[in-house]
Amino acid sequence: MCGICCALFRGQKPGKLDFSCSRLKNRGPDASSQAAVDIDPQTHLVLTGHVLHMRGCLTPQPATDKAGNFLQWNGEIFGGLQVGPNENDTTLLLSKLSEKSDVEHILGTLSSVQGPWAFIYWQEKTKKLWFGRDFFGRRSLCWHLPQSSTDPFLLTSVRQNTEELVEVPSIGIYSVTLTQTDCLHITVYSWSEAVWPGTMDLVTSDNLHLGLVGGIDGNVQFCLHSDLHLAKCIPPLNRSLPDIDTCKVMTESPNSVVSNLLQDAQFNSCVDHLIEILLQSVTLRVFNQVIWAQTKRLDSELNASPHNSTQQTVETSSVADQIQPQAQRDLSHDQNLEQPGDGVITGQSKVAILFSGGVDSAVITALVDKCLPSHESVDLINVAFERNVQQKNRKPDEEEKWNVPDRQTGLLALQELNPERKWNFVMVNISIAELQRQRSEHIRHLVYPLETVLDDSIGCAVWFAARGEGILGNGDHAGKPYKSSSKVILCGMGADEQFAGYSRHRGKFEELGWQGLIDEVEMEVQRISARNLGRDDRIITDHGKEARFPFLDENVVSYLQTLPVHIKADLRYPRGLGEKILLRACAVKLGLIKSALFPKRAIQFGSRIAKTENNKEKASEKCSRLADPT
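Just so it is clear: in the sequence shown, position 262 is 242 by my numbering, and no numbers are missing.
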């Protein structure tokens, strides 16, 4: 939601630093500010912030208080701390952090926050710089560790120029102090029982240095505080084994399998509870926006007015029910405005969804429909890359060119959604030439410091989807150019890791049985912070929009951690049924009969971006297209 950056210098005081890099500023188009702290005559801190305004009053960053503390906050508080509908969570968090200066208070405050976050906090009283990312790594924060006494220590949401960066590991919270030898001293306060995402080894003092910086020494010293830990935000995985064997179960009727499972009281109860907490997660992520906070405030003022002689008490079942028509814009059923001159329709939807039509995005969409007022439109963004289907000098027609698997499943899933709502099915069609140009000029800098073929494919696909520019595929304006203006994009990331949706889960199950599957699911959840979420945050927020992940809500993850793995996935059943079987049952209950049984297809294959260029590459290989030109 914001672009944050700070640089810690030793030596001569720098002039006004230029951190106006478009990649940082794109993340926060609503306000920009810079502050400097002279720690001592030889030590200087410069903080720069660019704000994407989402809640409460617009608050420039870095935010500061009377005590001289500074906070840069790239996050959302969805729970843990009480944020009023008209409050700004940056201001609230700065106030909370500044109440006390002891370490326990800092750790306790931040570990209580539910929601995605990355932060930088200068504590004036102790002369310490604090920073870190949430347990799941849902927001990007990278560092550049000094290579010499004059090299600055840099923290940034995204790469500025050509500096070498590494993602800050989401193993805990960090504090920085300076020693008399000009060496940075970084103390790590790890999450309880934190593990290294790559090896699953417990984080210890013995492996801390190598795990953080790969062996660089001399200018940075690391210390793991062994007595103080952050409270872990999720329980351990339920590792109980089922009383069933691993023999394959073949079926000619997947629908009947789900129907029979729903007859089981325990399984059916799990489905109902999962729908309930997912609905709560989606509702939080839909309504925590400026427009909804203003709506609640106006509604409160209307009800509290002395001229309002009729006071009524209405029982409500959802956030949507609490929103009064007087407090909203008078929007027609078709919530599109056509821009004069260029013929591009600018959408007025407040929520967009990355929509492949698969079970993850379909369930999120059905839950948005349950919580959003009926007159509000929703943008369903579906991306496709140009197919190379020329045969015998025959050029493909337009429909054939973009007829990729995700387009097909997206249109099928659209048919199952509530027909009374205005769904804008946005077909984002990307030519190979545009892909190559945008990647070379811009996207590769956002993917950095990740560098594999998989990072390239997913990063590019998500960037074009999040831009939200395409052709309307449905409704009265079908075929016309359309641009989504929603600041919030809901994404299905996190479902595959928890519901055993990847092909490697099936491979482990076939090789090692239930125990192998349980180990793999546990590892996926533990290492999710290092896999893709920082990259996805850099990619999506580049458009001045915010990614929100309902499946990674702390309450959702905590509930799924308590369930036996065989309730969430039963890989005795064939592909398209056994993986994510609990989520598929949720989809059936939500009326998504077809979408419930679509097989898992990763975005790089569903959008066909993996087929546009070098088809012989392996996903884990270093991608030459992301490298800096030599």
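Cβ atoms here follow ideal geometry from the backbone N, Cα and C, with glycine treated the same way.
Check: Supposed close pair Ile257, Phe202 - CB separation, criterion 8 Å; Outcome: Rounded, the Cβ-Cβ distance is 38 Å, inconsistent with contact.
Check: Beta carbon of Leu27 nearer than 7 Å to that of Phe50; Outcome: yes
Check: contact_flag[the segment 209 to 229, the segment 538 to 549] where n(CB pairs < 8 Å) is 3 or more; Outcome: yes
Check: Simplified DSSP state of Gly55, which is helix, strand or coil; Outcome: strand
Check: Trp176 beta carbon less than 7 Å from that of Gly191; Outcome: yes
Check: Contacts around Leu540, its chain only, beta-carbon distance under 6 Å, and the 5 residues preceding and following it disregarded; Outcome: Gln478
Check: Anticipated Cβ contact below 8 Å, Arg484 with Glu502, distance rounded; Outcome: Their Cβ separation, rounded to whole angstroms, is 13 Å, which puts Arg484 and Glu502 out of contact at 8 Å.
Check: 8 Å contact criterion, which Glu67 and Gly514 should meet: CB distance rounded; Outcome: In fact, because the Cβ distance is near 27 Å, the residues do not count as touching under 8 Å.
Check: Among Glu421, Leu577, Glu491, Tyr169, the one whose alpha carbon lies nearest that of Asn141; Outcome: Glu421
Check: Chain-order list of residues whose beta-carbon lies under 8 Å from that of Leu497 (same chain, five-residue window excluded); Outcome: Ala480, His485, Lys488, Phe489, Val545, Ala549, Leu551
Check: C-beta atoms of Ala599 and Leu434 nearer than 7 Å; Outcome: yes
Check: With 16 other Cβ atoms within 10 Å as the buried cut-off, status of Asn404; Outcome: buried
Check: Stretch-stretch touch, CB-based, cutoff 8 Å, three pairs: the segment 129 to 138 with the segment 60 to 80; Outcome: no
Check: According to DSSP, residues forming a beta bridge with Ser12; Outcome: His30
Check: Start-end ranges of the alpha helix (DSSP H) lying completely within the segment 355 to 436, minimum 4 residues; Outcome: 378 to 381, 385 to 394, 412 to 418, 424 to 427
Check: C-beta atoms of Gly117 and Ser509 nearer than 7 Å; Outcome: yes
Check: Any non-hydrogen atom of the ligand GDP within 6 Å of Thr226 CB; Outcome: Looking for the ligand GDP in the displayed structure turns up nothing, as the structure carries no ligands at all.
Check: Selection from Gly448, Ile412, Leu606 that minimises the alpha carbon distance to Ser329; Outcome: Gly448
Check: contact_flag[the segment 513 to 531, the segment 464 to 477] where n(CB pairs < 8 Å) is 3 or more; Outcome: yes
Check: Complete alpha helix (DSSP H) runs within the segment 147 to 188 (minimum length 4 residues, chain order); Outcome: none
Check: Residues near Glu504 in its chain [Cβ-Cβ closer than 7 Å; skip 5 each side]; Outcome: Glu477
Check: Residue nearest to Gly29 in terms of C-alpha spacing, selected from Ile410, Ala567, Ser13; Outcome: Ser13
Check: Secondary structure of Ser285, DSSP reduced to three states; Outcome: In this prediction, Ser285 scores a pLDDT of 42, lower than 50, which makes its location untrustworthy; no coordinate-derived value is stated.
Check: Buried or exposed (CB count within 10 angstroms, at least 16 for buried), Asn595; Outcome: exposed
Check: DSSP three-state assignment for Gln478, whether helix, strand or coil; Outcome: helix
Check: Inter-residue CB distance, Val406 and Gln269 (contact presumed, cutoff 8 Å); Outcome: That belief does not hold up - the Cβ atoms of Val406 and Gln269 are roughly 20 Å apart, past 8 Å.
Check: Residue range of the alpha helix (DSSP H) that includes Gln103; Outcome: Here Gln103 belongs to no alpha helix (DSSP H); instead the beta strand (DSSP E) covers 97 to 103.
Check: Under 7 Å between C-beta atoms of Ile412 and Phe444; Outcome: no
Check: Pair within 7 Å by beta-carbon distance, Ala441 and Val363; Outcome: yes
Check: One or two residues paired with Arg(-10) in a DSSP bridge; Outcome: Thr23
Check: Start-to-end residues for the beta strand (DSSP E) that takes in Thr231; Outcome: Thr231 -> no beta strand (DSSP E), and no H or E assigned at all.
Check: Same chain, Cβ closer than 8 Å to Pro9, five either side skipped, listed in chain order; Outcome: His30, Leu32, Gly524
Check: Collapsed DSSP secondary structure at Glu449 in the structure displayed; Outcome: strand
Check: Where Thr44 falls: helix, strand or coil (DSSP); Outcome: strand
Check: Beta-carbon gap between Val348 and Val339 smaller than 7 Å; Outcome: no
Check: Beta-carbon contacts of Lys602 that lie in its chain and below 7 Å, excluding the five residues immediately before and after; Outcome: Glu431, Thr432
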